[in-house]
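First to last, the sequence lines map onto chains A and B. Its first residue numbered 96, the first sequence is counted upward by one per residue in our numbering. Its first residue numbered 66, the second sequence is counted upward by one per residue in our numbering. Built from N, CA and C at the ideal position, the CB exists for glycine as well. This one's a predicted model, so the numbers in the text were calculated from it and none came from an experiment. Working notes, beginning with the structure itself.
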Amino acid sequence: MIEEIVTSRHWPFIWPCYALAIAMFVALGVRAIVQLRRWEKAARSDEDTKL
Amino acid sequence: MLAYFANPDRFMRLSAWTMPIAAGLAGLLLLIGLPWGLFFAPADFRQGESARIMFVHVPAAWWALGIYTFMAVASLMGLVWRHALADVAARAAAPVGACYAALCLITGSIWGRPTWGTWWEWDARLTSMLVLFLTYVGYLALWAAIEDEARAARLAAILCLAGFINIPIVHFSVDWWNSLHQTASILRPGGSAMDPSMMQPLMVMALAYFAAFAALTMAGMRAEIFRRRVAAAALRRARAA
Numbered sequence: 096m097i098e099e100i101v102t103s104r105h106w107p108f109i110w111p112c113y114a115l116a117i118a119m120f121v122a123l124g125v126r127a128i129v130q131l132r133r134w135e136k137a138a139r140s141d142e143d144t145k146l
Numbered sequence: 066m067l068a069y070f071a072n073p074d075r076f077m078r079l080s081a082w083t084m085p086i087a088a089g090l091a092g093l094l095l096l097i098g099l100p101w102g103l104f105f106a107p108a109d110f111r112q113g114e115s116a117r118i119m120f121v122h123v124p125a126a127w128w129a130l131g132i133y134t135f136m137a138v139a140s141l142m143g144l145v146w147r148h149a150l151a152d153v154a155a156r157a158a159a160p161v162g163a164c165y166a167a168l169c170l171i172t173g174s175i176w177g178r179p180t181w182g183t184w185w186e187w188d189a190r191l192t193s194m195l196v197l198f199l200t201y202v203g204y205l206a207l208w209a210a211i212e213d214e215a216r217a218a219r220l221a222a223i224l225c226l227a228g229f230i231n232i233p234i235v236h237f238s239v240d241w242w243n244s245l246h247q248t249a250s251i252l253r254p255g256g257s258a259m260d261p262s263m264m265q266p267l268m269v270m271a272l273a274y275f276a277a278f279a280a281l282t283m284a285g286m287r288a289e290i291f292r293r294r295v296a297a298a299a300l301r302r303a304r305a306a
């Protein structure tokens, strides 16, 4: 069944959509983690934020 | 209820454990839904294997509309009730909605090539979806362009509410105008026209997109609250000096 899908004439249109979706979620996730760590670290190291 | 969640400390305590759960759920559902849609769901009798693009395209379209609606509600709450976290929530949701709208447009264009014989057509559904994406970009640009945060929040909320008129246009465009795009096959009078063998992976993917949106928005909100606390502390120090 998988071989039938990857050899179909539509495969060159299908896989880029899935690759793009995965890349988007990875990029959004990495961006969220980087931003959150940056500001959480800044807030925790700043005594005046009273965390 | 809304007043209960308007407290940033309460939100931080709640999101400290709900955000990892949402992120874990999103990862799990994507691990199930992506291979299910790509390899194990049946091909469409008319469109063949290209219908597999539906499992990444349709949830992106649904949640691009859903996230904008969430932003419009948050903007209204911020403008009318001065809800303390409303503008934070709308701002954190916007990049996710913009990415979903972009994914919907790109995958729709790729799907259009084998199905309609064209990458793009200026028809009502495609054009109104492009307008939605541009509204997301304009909303984010407005936040970035204005230094005074209270003014930026107010103007961005007004822009968001003005742009909300496009949401019913996107949804009903295929009914109101002749379009290359098919009419609604799930949310329609008389019930869904989709077979459960395709509906099940589609629902898993829709839940995955929603869980990812929830996790990413909570992460963005937490980062923004931390940033505002650092900025407020710096301001207090500057005033005291």
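May I ask you to verify whether the region 110–118 of chain B touches the region 104–113 of chain A, counting CB pairs closer than 8 Å and requiring at least 3?
yes
Sub-8 Å separation of residue 165 of chain B and residue 208 of chain B beta-carbons
no
What is the DSSP secondary structure of residue 240 of chain B, counted as helix, strand or coil?
helix
Between the region 186–194 of chain B and the region 241–252 of chain B, can you find at least three pairs of beta-carbon atoms closer than 8 Å?
yes
Distance between residue 91 of chain B and residue 275 of chain B (C-alpha atoms, nearest Å):
8 Å
Beta carbon of residue 104 of chain B, beta carbon of residue 100 of chain A: below 8 Å?
yes
To the nearest angstrom, how far is it from the Cα of residue 192 of chain B to the Cα of residue 177 of chain B?
14 Å
Inside the region 167–234 of chain B only - alpha helix (DSSP H) runs reaching at least 4 residues:
189–210 and 214–228
Using a Cβ cut-off of 7 Å, which residues of the region 148–170 of chain B contact any Cβ in chain A, in chain order?
161, 164 and 168
Work out the CA separation of residue 121 of chain A and residue 204 of chain B for me, nearest whole Å.
23 Å
Of the residues B:278, B:293 and B:305, which one's Cα is nearest the Cα of residue 127 of chain A?
B:278
Taking C-beta pairs closer than 8 Å, name the residues in chain A that residue 176 of chain B reaches, listed in chain order.
108 and 112
Could you give the DSSP three-state label for residue 109 of chain B: helix, strand or coil?
strand
Residues of chain B with a CB under 9 Å from the CB of residue 135 of chain A: which are they?
287, 288 and 291
With a threshold of 8 Å between beta carbons, is residue 117 of chain B in contact with chain A?
yes
contact_flag[the region 72–84 of chain B, the region 284–299 of chain B] where n(CB pairs < 8 Å) is 3 or more:
yes
If you draw a straight line from the alpha carbon of residue 138 of chain A to that of residue 142 of chain B, how long is it in whole angstroms?
27 Å
Answer with yes or no whether the minimum CB distance from residue 172 of chain B to chain A is below 8 Å.
yes
Give the secondary structure of residue 251 of chain B by DSSP, where H, G and I count as helix, E and B as strand, and everything else as coil.
coil
What does the Cβ neighbour count give for residue 241 of chain B, buried or exposed, with the cut at 16 atoms within 10 Å?
exposed
By how many angstroms is the C-alpha of residue 134 of chain A removed from the C-alpha of residue 153 of chain B?
15 Å
Is the region 156–176 of chain B touching the region 257–266 of chain B in the sense that three or more CB pairs, one from each, lie closer than 8 Å?
no
How many Å lie between residue 294 of chain B and residue 103 of chain A at the Cα?
55 Å
Rounded to the nearest angstrom, what separates residue 298 of chain B and residue 71 of chain B at their Cα positions?
21 Å
Count the C-beta pairs between the region 133–141 of chain B and the region 154–162 of chain B that are closer than 8 Å, then say yes if the count reaches three, no if not.
yes
Checking contacts by CB at 8 Å: is residue 214 of chain B closer than that to chain A?
no
Start and end residues, alpha helix (DSSP H) containing residue 132 of chain A
106–140
May I ask you to report which of helix, strand or coil DSSP gives residue 257 of chain B?
coil
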